Each structure stands twice: as structure tokens, then as C-alpha cells.
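First to last, the protein sequences are chains R and F.
Okay, so the first sequence: first residue is 124 according to my numbering, each after it adds one.
Okay, so the second sequence: first residue is 82 according to my numbering, each after it adds one.
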Amino acid sequence: MDRSHDRVMKAQRSTQRWLFALPIAFLTTFFVYPIVRIMAVSFSGDAGIVDSFSTVIRTASLRGTTWFTLWQALASTVLTLIFAFPAAALVGRYQFRGRRLFMASLTVPFVMPTVVVGAAFLALLGPDGPLGVDLRRSVTAILIAHVFFNYAVVVRTVGGNWANLDRTTEEAARVLGAGQWQAFRRITLPQLMPSIRAAASIVFLFTFTSFGVVLLLGGFGINTIEVVIFREATVNLDLAVAGALALIQMVGVAGAVYAYGRSGRQATERSVSASGVVLRPIRGFPARFLQLAALGISALLLAVPLGGLVVRSLTVGGGLGSANFSSLFSPDRTAVVTAPWQAIFNSIQIALGATVISVVIGTLLALAIAQRPTRLSSTMDALVMLPLGTSAVTVGFGFLVAFDWPIDLRTSPILVPIAHALIAVPFVVRTTLPVLRAVRARLREAATVLGASPRRVLALIDLPIVSRAALVGAGFAFAISMGEFGATAFLVRPDRPTLTTAIFRLLSKPGDATFGQAIAMSVILMVVTASLVAAIDRFRVGNLGEF
Amino acid sequence: MPAKEVISPPSRAPPLETGVRMRLKVPLAMAGLALVAAACGSPATTEEGPQTIRLLTHDSFAVSEGTLEAFEASTGNTVEIIRAGDAGTMLNQAILTKDNPIADVIFGIDNTFLGRALDENIFQPYTAEGADTLADDLQADETVTPVDFGDVCLNYDKAALGALGLSPPESLSDLTSPAYAGLLVVEDPGTSSPGLAFLLATIDEFGEAGWEQYWADLKANDVLISTDWEAAYYGEFSGGAGQGDRPIVVSYASSPPAEVIFGDPRPLVAPTAVVEAGCFRQIEYAGIVTGTTIPYAAGQLIDFMVGIEFQEDIPLNMFVFPANTNASLPQEFVDFTTIPAAPATMTAAAIDQGRDRWIRAWTEVMTG
């Protein structure tokens with residue numbers, strides 16, 4: 124018995140190593156190495172690392188910036204969790220008409236260019252807006268926008284996990300006389316905690332490194348560390364100070380990730396239904412109330428600003444019309460933009476590339492981490508989050524100094540989807556890991572006792588479950604790439620116009636027509652993304668049902 | 082370079098008749114060529130045959146379809162455009178890769194960043210064919226060739242100022258008078274290139290001793306600061322496509338013609354206009370990257386960029402003015418704007434030395 128146990132352990136270890144190989148190679152090559160190289164370059168100038176740090180520490184405003192960066196991220200995370208929870212509960216428990224469309228359209232905020240969203244929010248938060256208060260250039264505006272952008276993270280991560288919970292314990296509790304609230308608090312909520320913590324950590328890191336929203340809505344004098352890094356690197360051209368700030372930012376992020384990892388030690392055995400998803404129809408007062416609350420919040424938060432954009436895109440010279448769209452597609456469109464079809468095609472191509480890379484790497488990582496708790500797996504569990512908290516300037520410039528040898532990849536088109544994948548991998552890992560960990564240890568043990576090798580356990584139990592969960596991450600990865608988060612702006616790249624660069628081009632020219640066309644292009648981006656995310660959500664693996 | 086009188090700028094001449102080969106026909110040019118070669122520290126540049134020229138440029142670079150293709154057809158070269166983000170990002174990328182360049186030609190570094198580029202020696206000396214047709218006051222250094230310029234100027238909303246019974250400001254000082262309180266929106270020089278240009282205009286106007294006081298007065302007069310041009314123009318400005326409530330904005334001299342060209346419906350006159358005082362001239366340069374293996378072809382591209390065809394294509398694509406004095410302007414650029422007669426200018430070196438300090442001091446004044 125002992126010897127066979129040893130053999131199993133050994134096989135498990137080798138399976139885990141084998142699973143880790145590719146993700147570790149990927150993260151080392153495309154994340155750790157470029158960062159080390161750019162840091163080396165940044166601190167090799169006249170101002171060394173010590174000088175740069177003392178400059179940073181002496182600059183009085185930086186303490187304020189660090190403090191603000193931290194508290195606004197914490198506040199944004201808590202607010203997003205609160206506002207998004209009803210919708211997570213709704214999609215996690217109930218089947219209703221339009222559920223899939225609802226889930227897909229939640230990702231739209233993710234892809235909207237900050238400038239466009241900023242314009243929508245400024246219209247709503249101005250003195251003439253529906254709120255009637257002037258919230259422009261305030262921290263409140265930043266917090267509202269952060270909830271808007273991250274709403275989907277919580278709904279899809281927590282809701283997706285919820286739908287996959289094994290309901291037998293909860294039902295048993297109800298049968299034994301527990302009330303609905305009691306059953307939720309004692310049974311369901313603890314089961315949900317891993318996914319809640321996963322969503323919270325992503326929202327925290329995203330808002331900790333917030334850039335466009337802060338610049339646009341916060342007004343003058345409100346900065347995050349990310350904003351200051353950008354200024355130092357691209358306006359003051361002081362890479363040493365930028366590098367020192369980027370290091371401080373990374374240390375902060377690593378600390379947060381470490382704390383997150385430690386707090387998660389206790390949470391292990393959760394249950395997940397291996398047989399697919401059971402959703403109930405909406406019946407009774409509590410369910411209807413939940414639906415009303417969830418849809419109401421979503422409408423206020425998402426539909427109103429996005430709807431405003433759609434209306435604006437259809438507004439032509441004071442009346443309604445489709446001229447903004449037709450002029451985009453007409454051959455004599457204003458010189459500045461390539462054909463929308465070309466931009467749509469390029470964007471989708473890049474986004475699919477990023478999705479494939481991040482799903483492969485992320486799934487392998489999640490499988491490896493879930494194999495056995497080792498030091499390596501807990502390190503990787505934390506390390507994978509770092510790209511989310513690393514400044515885009517650092518990554519972009521890092522690629523530039525790192526990849527000229529052995530093959531010159533610096534201007535290669537593949538760096539763009541890779542940069543997007545770095546940000547998307549944490550999503551795939553965070554959405555799949557809670558589910559994987561929840562695979563009842565019993566299920567695996569049973570398989571092992573019955574003589575299945577670790578690889579067979581992987582193929583028969585882990586893989587089917589992980590592939591369902593990975594679809595949630597895939598949707599995010601696609602949306603992230605379509606919206607081109609920060610990193611791309613700091614990469615040199617071949618001249619391939621995408622939807623976001625076309626919007627940028629249009630917005631950089633004055634004139635009613637170009638502004639209208641930019642908004643129309645954003646609406647196209649919205650529609651293309653939502654439909655493709657819906658398609659990814661629909662994708663079924665075998666006959667495992669929906670996620 | 083005496084050869085220049087002999088050579089008219091041939092934007093579409095067959096390859097054998099352009100560039101260095103042509104100069105060789107003029108004996109006097111031999112001496113000039115030797116000088117150029119000596120300055121490069123490399124053997125005399127000769128034709129390399131058809132090449133792929135990598136052109137590094139910023140996100141705002143745009144040309145009409147067919148323009149670069151004409152260059153490719155006439156020289157046999159291929160142009161590969163590489164995008165780099167904004168001008169500051171692009172400069173940093175060029176500096177980081179200067180030992181193993183990613184491009185042969187860089188276009189779009191402006192005079193606010195040029196000093197740093199020259200310090201880092203990212204360009205090698207080159208005198209474009211047809212350089213004598215470029216406006217004299219745009220020339221900066223033997224390594225770079227001016228391609229276009231744009232004046233950053235105050236724009237105002239004609240209707241809104243009229244409704245307030247105000248005449249447009251005539252000087253920067255007017256903006257600190259109570260009549261103009263709460264009307265102006267500017268961009269943060271720490272994040273925005275027109276914002277930096279406007280700050281330089283005020284430093285030029287009021288001098289080292291006075292500019293901080295001027296900004297303190299503007300602040301007291303409720304000036305609004307936006308992050309970037311898009312946020313200021315679309316979000317806060319009331320004129321044209323703007324959706325805000327501030328009738329005066331820091332923008333470009335080319336913005337009023339753009340309001341006409343992209344107006345919807347196209348207006349008969351521009352809804353906005355330019356204040357001629359307090360403008361700052363941004364000049365964009367092109368240069369051959371130090372260490373390129375194809376200096377001859379790179380030079381051909383720069384020659385093309387200052388030739389008539391490319392120059393006349395610039396205004397409607399990038400909304401700046403051509404550097405070539407022979408290039409004619411689109412009618413809207415003649416009718417709806419003025420090129421300020423005496424915009425503020427500063428040497429690249431002066432800007433480079435002051436920029437960091439000025440931005441920090443400005444930030445202090447405006448947040449303090």
C-alpha cells in the first residue's frame with residue numbers, strides 16, 4: 124500500500140511538472156525577462172537606482188498619490204462587489220429569458236475606449252445630467268466608472284461559480300428546516316467565497332493600476348501611481364524615476380497578492396456539480412425581487428451610459444439618422460480612417476489570438492496549481508496575478524529592449540496578442556481555479572483508488588470541469604483584447620488599424636462628423652464584442668451543458 | 082550645397098536621376114558629398130537598390146491612399162510603417178533601441194522633444210533634396226528635416242462669446258481679467274502636447290520671472306485644466322463639436338477649418354476662430370536613424386516627404402501645415418484660419434533644458 128501510494132505521489136509530481144512547463148516558460152519569457160531587462164536599462168543611466176528612489180521618496184506628492192491609489196482601489200472593489208452581487212445571484216441561480224444575452228452584454232464596458240466612456244459619463248454626471256449634481260472631476264466619478272468597468276468581473280466570476288455549485292447540501296439544509304437566508308449564509312456563501320475573493324482580487328488590481336479613468340474623470344491633481352509612471356516615462360522622459368515607481372507599484376501589488384494567497388489557505392474543499400448546471404425558473408417574491416434589483420442596477424449603471432452612446436451615434440445634425448454609420452462605410456469617408464471591415468477583421472484576429480494563448484496557458488496553469496499544494500503551485504498562483512498590476516509602460520518598453528535576440532520580435536505583430544494574453548491569463552486562472560479546487564477531493568480520490576493514473580484523473584475529471592470554467596475566462600480574454608488595454612500603446616507595432624485605433628484617429632480631429640463617426644465606431648465595437656462573447660459563451664464542450 | 086540650384090525637387094523622377102547620383106554630375110558637389118560622408122563617418126552613400134524602409138511614426142500619422150504608393154512606384158522601395166504611440170513614447174522607444182534600431186526613418190518628433198533626440202544622437206546628418214524650399218524658421222539641426230508645423234492657439238466659440246457680449250481676447254493677459262473668468266479650458270502640460278506648447282507660449286510671453294504669476298492669476302480666474310486635447314475640446318469646450326460649457330480652449334490653428342470640413346451639416350463659416358496672440362509653433366521633424374543600413378533609401382523617403390505631392394497631402398490628413406513654402410493649401414485652410422505672424426518659438430535646446438523644471442513648477446502653482 125505504501126509503495127503504491129509513493130508511486131501515485133511520484134506520478135502526480137511529474138504530471139504537475141509537465142503541466143507547469145509551458146506556462147512557466149511563457150511567463151518567464153514574456154513577463155519576467157522583459158521587466159528585468161527594462162529595469163536594468165532604466166537604472167543604468169547617470170541616475171542609479173538609489174538616486175531614483177530618493178527622488179521618489181523626497182517628492183512630497185508621491186505619498187499622497189500612493190495613499191490615493193490604495194484607498195480608491197479598495198473602495199472601488201467593495202463598491203463593485205456590493206453593486207454586482209444581485210446580478211451574480213440572479214445569473215447564478217435562475218434561468219430567465221435573455222440570460223445569455225445579459226451575461227454577454229455585461230462585458231461590453233470592458234472593451235469601451237476610456238475616452239468614449241468618459242464622454243458618456245461626463246454627459247450623465249454634468250450639471251444638466253439626470254442626476255442633477257455636478258460630479259465631474261471628482262473621486263466619486265472615478266468610483267462610479269470603476270464599478271461600471273468591473274461589474275462584469277464580479278457577475279461573471281461569482282455568477283459562473285454559483286451556477287456550478289453542488290446544490291445537494293443546500294437542499295438538504297432546507298429539508299432539515301433551515302430558512303432560505305440561513306441556508307445561503309451557512310452553506311452557499313462559504314462555497315462562493317473562493318470566487319468572490321478571485322473577483323475581488325482582479326478588481327483590486329485593475330483599479331490599483333487605473334489610468335484612463337483617473338486621467339479623464341478625476342480632473343487635475345488626482346493621480347494614481349500608474350499615471351505618474353506614464354508622465355515620468357513619456358513626458359519627462361525620466362526612465363529611472365519611472366522605473367523606481369514601477370518597482371514600488373509592483374511591490375505593492377505583490378504584497379496584495381501575497382496577502383490574498385494567505386487568506387485563501389483555509390478555503391479548500393468546496394463542492395461543484397460535475398453533472399452540469401441546474402437553474403431554476405423565476406418564481407415567487409424573493410426571486411422576482413432579486414431579478415428586479417439586479418436588472419435595475421445593471422440598467423442604471425450600464426444601459427444608461429451605453430444607451431446614451433447609441434443614441435448619440437444615431438444623432439445627426441440634431442435629428443436621428445444613420446449617417447454616422449453610412450459615412451463610415453462609404454468609400455469617400457473622411458480621409459482619416461481605414462475601412463471599418465478591415466479594422467473589425469484585424470481586431471477580431473488579434474483578439475482570437477490572445478484568447479487562444481491565454482486559455483491554453485491559463486488552463487494549464489490552473490490544472491497544475493490544483494494538482495497538489497506545493498510551494499511552486501502557491502508561488503505560481505500569486506505570480507500569475509502580477510501582470511495585472513504591472514504598469515503598461517514597463518511591459519511595453521520591456522518588450523522593446525528584450526526581444527531583439529535571437530529573433531528580432533520587436534516590431535512583430537505577435538507581440539500584440541501576447542501582451543493582451545498576459546493580462547487575460549490571470550482571468551482564465553482565477554475563473555477556473557475555484558471550480559477546479561472545488562472538485563470534490565472524494566471524486567479524485569475515488570478515481571485514484573479505483574486505479575486511475577493521475578493523468579487519467581486529469582483527463583476524465585479535471586479537464587471537463589476546467590473547460591467549462593475556462594469559457595468564462597475566454598470571454599474575458601476576448602473582450603480585453605478587443606478593447607486593447609494600455610499595454611498596446613507602448614508597443615511598437617505594424618500598421619494594422621484596429622477598431623480602437625480607428626476610434627482614436629477619429630477622435631483626434633475636431634468636427635461634429637468625426638465625433639459622430641467615432642461614437643458610431645464605438646457602437647460597432649460594442650456590438651461585435653458582445654456578439655462574439657455570446658458566441659464563446661455558447662460554445663459547448665462535449666455535452667457538458669452550459670456555463 | 083551648390084548642387085541645389087541645379088536640382089529641382091523631382092518628386093516622381095525615376096530613381097537613377099535622384100539623390101546622390103544626380104549630384105555627382107555637378108563637380109562642385111563632390112566636395113559637399115565628401116563632407117557629408119565624413120560627417121556620417123561611413124563610406125560614401127550609394128544606391129542600395131530597392132529596399133524596405135522602416136518608418137517609425139506616431140499614432141497621428143496619416144497620408145492619403147496612393148501617396149506613399151507613388152513613392153514606392155517611382156523608387157522601387159517599399160515603406161513599412163511602424164506605429165509607436167504618442168511622440169514622447171516614440172522618442173523613448175527610439176532611444177531604447179538606438180544600438181539596434183527598429184527603423185530607418187523616424188517622423189514626428191517635434192521641437193518640444195527634439196533637444197532630447199539630438200542629445201541622444203538618434204539621427205545622422207542628412208540634408209534633404211529640396212531643403213531650400215522649406216521655410217527657414219523651421220530648420221533646427223543638420224540631422225533633421227522639418228516636414229510640417231502646427232500652431233497651438235487659443236480657439237473660441239464665436240456664438241458663446243457673442244451671447245456673453247464679449248469680444249474675443251486679444252492677448253494672453255486678457256484672460257486674467259474678470260470678464261473672462263471661468264471661460265478658459267487648457268490641457269495639462271504634464272500629459273498633453275498642446276498643453277505643453279501653451280505653457281511654453283506663456284513662458285515666452287512673460288519670461289522666467291513672470292510666467293508663474295500669470296498662471297497663478299489664471300488659476301484665480303477659474304481656469305479649467307483637462308488631461309488631454311480630446312477631453313478639453315470635446316468634453317469642456319462649447320464650440321463646434323464640443324459638448325462642454327467653456328467658450329475658450331487651447332487647440333490648434335487648424336481646428337476652425339476642421340470644424341468646417343468635418344461639420345455636419347457642413348457650415349458656411351467656421352463656428353470657432355483662432356486668437357492670433359499667444360500661439361506656440363510645434364514643428365515636426367523627420368530624420369535618418371543612426372545606424373541604418375540603408376541611408377540612401379532612407380534619404381529618398383525624406384526627400385519625398387518634403388516634396389510637393391506629400392506636402393500638399395499633409396493638411397487634410399494630419400491637420401498641420403506643410404513646411405514646403407511652395408505647397409498650396411486647401412481652400413478651407415485659407416478661408417477659415419490664419420497662420421499667426423509671430424508665434425512663440427524656442428530653441429530645442431532651451432525647451433529640453435527647461436521642460437521638466439517648468440512642468441514641475443507649473444504643477445506646483447496649479448495644485449498649491
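The beta-carbon is built from N, C-alpha and C at its ideal position, and this holds for glycine as well.
Being a predicted model, the structure only gives us computed values, none of them experimental.
Other residues of its chain near R/Phe452: CB distance less than 7 Å, five sequence neighbours each side excluded: Pro463
For R/Tyr381 and R/Val159, the rounded distance between their alpha carbons: 21 Å
Cutoff 7 Å; reference F/Arg197; Cβ partners in own chain excluding five residues on either side: Leu172, Asp433
Touch test, the stretch 648–663 of chain R against the stretch 225–240 of chain R, Cβ-Cβ under 8 Å, three pairs minimum: yes
Proximity test, R/Ser436 beta-carbon vs the ligand MG heavy atom, cut-off 6 Å: Among the components of this structure there are no ligands whatsoever, and the ligand MG is therefore not found.
R/Ala148, DSSP secondary structure in three states: helix
Beta-carbon contacts of F/Arg102 that lie in its chain and below 6 Å, excluding the five residues immediately before and after: With a pLDDT of 34 at F/Arg102, under the threshold of 50, the predicted position of this residue should be treated as unreliable, though the coordinate-derived value follows. Here the set comprises nothing.
7 Å Cβ cut-off: residues of chain F touching R/Val164: Leu177
Own chain, CB closer than 8 Å to F/Thr448, minus 5 neighbours either side, in chain order: none
Coarse secondary structure for F/Leu265, derived from DSSP in three states: strand
Distance between F/Tyr237 and F/Leu280 (C-alpha atoms, nearest Å): 18 Å
DSSP three-state assignment for R/Pro617, whether helix, strand or coil: strand
Whole-number beta carbon distance between R/Pro633 and F/Ser336, since they are thought to touch under 8 Å: 5 Å
Residues of its chain near R/Ser165, where Cβ-Cβ distance is below 6 Å and the 5 sequence neighbours each way are ignored: Leu362, Ala363, Gly366
Cβ neighbour criterion (16 or more within 10 Å) applied to R/Gly215: buried
Of the residues R/Arg308, R/Val552, R/His543, the one placed nearest R/Ala592, counting alpha carbons only: R/Val552
Three-way DSSP call (helix, strand, coil) for F/Ala367 in this model: strand
Assigned secondary structure, F/Gln205 (DSSP; H/G/I helix, E/B strand, else coil): strand
C-beta neighbour in chain F for R/Ala198, strict 7 Å: no
Cα-Cα separation, R/Leu150 to R/His543: 13 Å
Test: R/Ser631 CB closer than 7 Å to a CB of chain F: yes
Spatial distance of F/Val107 from F/Glu210 (CA atoms): Any reading at F/Val107 must be qualified, since the residue scores a pLDDT of 41, below 50, and its modelled position is unreliable; the value itself is stated next. Roughly 14 Å separates the two Cα atoms.
F/Ile383 to F/Gly372 span [Cα, whole Å]: 16 Å
Per-residue contacts from F/Gly147 into chain R (C-beta, under 9 Å): Those do not exist, as F/Gly147 stays about 11 Å from chain R at its closest Cβ, beyond 9 Å.
For R/Tyr156, the residue or residues it bridges with in DSSP: Looking at the DSSP assignment, R/Tyr156 forms no beta bridge with any residue, so it has no partner.
Delimiting residues of the beta strand (DSSP E) encompassing F/Arg164: 159–164
Pick from R/Val558, R/Gly606, R/Ala602, R/Glu568 that is closest to R/Pro587, judged by C-alpha positions: R/Val558
Within chain R, the residues that F/Met447 reaches when beta carbons sit closer than 8 Å: Phe343, Gly344
Chain-ordered chain R contacts of F/Asn173 [CB-CB under 8 Å]: Ala356, Thr357, Leu360, Leu362, Phe520
7 Å Cβ cutoff, R/Asp635 in contact with chain F: yes
Short CB-CB distance (under 7 Å) between F/Ser319 and chain R: no
Contact belief for R/Leu213 with R/Ala417 at Cβ below 8 Å, rounded distance in angstroms: 4 Å
Beta-ladder partner(s) of F/Val355, from DSSP: F/Asn236
Inter-residue Cα distance where the pair is R/Thr188 and R/Asn346: 6 Å
Under 7 Å between C-beta atoms of R/Ile473 and R/Ser604: yes
DSSP state of R/Gly419 mapped onto helix, strand, coil: helix
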